[in-house]
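Student: Residue numbers (UniProt numbering): 1 to 91.
#1: If you scan the UniProt domain "DM2" (15-91) from start to end, which runs of the beta strand (DSSP E) of 3 or more residues do you find wholly inside it?
#2: Are residue 28 and residue 67 touching if we call contact CB-CB under 8 Å?
#3: Using CA atoms only, rank isn't needed, just tell me which of 61, 86, 87 and 88 is closest to residue 75.
#4: Going by alpha carbons, who is nearest to residue 39 out of 71, 82, 73 and 17?
#5: Out of curiosity, what's the CA-to-CA distance linking residue 23 and residue 43?
#6: In or out: residue 46 buried (at least 16 other Cβ within 10 Å) or exposed?
Okay, here's the thing in structure tokens:
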């Protein structure tokens with residue numbers, strides 16, 4: 001039986017903490033092991049910063065490289081749209 005979080009009556013380990021399996025395309029960025037959703041987002045941001053993929057004129061916009069184009073389905077997306085596109089690659 002899962003542990004309950006303190007005082008809420010809900011089971012711990014759900015939501016953002018529950019490990020999710022990245023798709024093969026996303027695994028090229030974050031690795032193949034199941035990770036919490038928050039860690040997936042963090043690793044994608046590491047990739048974006050390492051490869052200087054933020055638009056210098058509009059830091060909210062991400063310019064996709066070949067790996068991110070497979071995730072986003074387009075050349076550019078905003079940081080707000082990114083989570084919607086990531087969700088399609090997590091199970």
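The beta-carbon is built from N, C-alpha and C at its ideal position, and this holds for glycine as well.
Tutor: Working from what's here:
#1: 61-63 and 76-78
#2: yes
#3: 61
#4: 17
#5: 14 Å
#6: exposed
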